[in-house]
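See below for the structure under consideration.
Residue numbers (this note's numbering), protein chains in the order written: chain A, 717 to 990; chain B, 11 to 98.
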């Protein structure tokens with residue numbers, strides 16, 4: 717594993733609102749400008765060195781703990797360092813197109829995606845949505861076949877929290893296995909149809925279309941790992957997001973503040989596409 | 011309004027158009043700003059080095075608006091941009 721002796725801190729603080737460990741330190745080595753280190757406060761260290769991702773972890777961590785970091789913020793950062801835009805969003809496939817559901821932690825991205833999964837809809841990704849451009853437009857790359865839910869959401873949707881397995885033995889978050897019978901998971905890139913941004917909760921759910929700078933800024937707020945990018949990467953991100961906001965509809969969603977009514981968000985999304 | 015004033019766009023501010031509008035990123039502060047179509051046009055003309063008087067004259071040809079209203083709008087925007095450190 718490469719060392720990070722002479723390095724500059726490029727980010728210290730909250731990595732991701734949903735991160736298990738709120739504070740991490742990201743460093744860039746002086747001797748090898750393409751080598752980055754990510755130190756979690758629980759002792760887990762990742763080193764990104766060109767095409768290699770190295771990792772070491774504390775004795776009391778489990779492989780599942782490390783996988784949670786790797787599959788979330790770490791690979792999102794690898795994508796961003798390679799110039800791939802990734803949004804903090806879940807993705808579902810409707811009529812052959814991917815629709816992203818973006819939003820802050822706790823706003824209901826995975827809950828909404830799970831509601832769609834229960835209806836037999838293909839899931840494209842959960843939490844990290846990488847976007848690539850091809851001749852015909854923007855595509856969403858699939859993530860891994862799991863949806864991650866907190867225990868109260870699992871209890872509401874599946875009858876009991878322990879109806880779903882724990883993501884790791886040391887954390888309260890659970891997961892839906894999309895390789896199980898009855899679920900569908902996208903196996904390849906899916907053309908992007910539009911983006912819904914979960915912006916708040918209200919008694920009556922609603923949807924409105926965002927335009928111009930309002931749409932672009934709504935997407936910029938939900939770009940993965942933005943705070944750990946340098947100026948040239950941020951400029952590239954701005955270009956990608958403004959192109960995205962011009963290419964597909966961006967809508968703002970207000971969800972009901974009641975887990976029992978989570979299905980109404982799906983109804984609203986489907987209705988808005990008609 | 012000082013018609014001769016030329017705005018100097020601050021370093022570290024990145025601008026991209028989206029449709030007719032503009033998104034600004036103040037990289038140092040990590041803050042995004044949005045400008046509507048007229049605000050975006052004012053930014054574009056300012057970035058070409060045009061003084062405020064020439065910006066107002068250009069916009070008067072492009073929009074159906076009185077000089078008095080336009081000058082007040084340009085002054086308000088310039089004040090806002092200056093206060094936020096986006097122009098000097």
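Glycine residues also receive a C-beta, built at the ideal position from the N, C-alpha and C atoms.
Item, Value
"Check each candidate in A:834, A:940, A:860 and A:724 and name the one with the smallest Cα separation from residue 982 (chain A).", "A:834"
"Output the boundary residues of the beta strand (DSSP E) element that contains residue 890 (chain A).", "890-893"
"Quick check on residue 80 (chain B) - is its C-beta less than 8 Å from some C-beta in chain A?", "no"
"From the DSSP output, which residues share a beta bridge with residue 754 (chain A)?", "A:742 and A:762"
"Roughly how many angstroms separate the alpha carbons of residue 741 (chain A) and residue 760 (chain A), rounded to a whole number?", "11 Å"
"What residue does the beta strand (DSSP E) around residue 807 (chain A) start on, and which one ends it?", "801-810"
"Checking contacts by CB at 8 Å: is residue 947 (chain A) closer than that to chain B?", "yes"
"In the DSSP assignment, find the alpha helix (DSSP H) that holds residue 871 (chain A) and state where it starts and stops.", "867-874"
"Excluding the 5 residues flanking residue 737 (chain A) on each side, which residues of the same chain have their C-beta closer than 6 Å to its C-beta?", "With a pLDDT of only 49 at residue 737 (chain A), under 50, the local geometry of the prediction cannot be trusted, and the value read off the model is given with reservation. Cβ within range, chain order: 756, 757 and 758."
"Could you check where the alpha helix (DSSP H) with residue 53 (chain B) kicks off and where it finishes?", "47-57"
"Residues of chain B with CB under 7 Å from residue 857 (chain A), in chain order?", "Those do not exist, as residue 857 (chain A) stays about 24 Å from chain B at its closest Cβ, beyond 7 Å."
"Pick helix, strand or coil for residue 793 (chain A), following the three-state DSSP scheme.", "helix"
"Is residue 832 (chain A) near residue 905 (chain A), with beta carbons less than 8 Å apart?", "no"
"Mapping the DSSP letters down to three states, classify residue 92 (chain B) as helix, strand or coil.", "helix"
"Give me the Cα-Cα distance between residue 866 (chain A) and residue 84 (chain B), rounded to the nearest whole angstrom.", "50 Å"
"Which residue's Cα is closest to the Cα of residue 837 (chain A): A:724, A:891, A:902 and A:946?", "A:902"
"For a cutoff of 8 Å on Cβ pairs, would you count residue 20 (chain B) as touching chain A?", "no"
"The beta strand (DSSP E) that contains residue 838 (chain A), what's its start and end?", "838-841"
"Taking 8 Å as the CB-CB limit, is residue 68 (chain B) close to chain A?", "no"
"Kindly indicate which three-state DSSP category residue 34 (chain B) falls into: helix, strand or coil?", "strand"
"Out of A:717, A:808 and A:747, which one is the CA nearest neighbour of residue 724 (chain A)?", "A:747"
"Suppose you measure from the CA of residue 795 (chain A) to the CA of residue 942 (chain A); what does that come to, to the nearest Å?", "11 Å"
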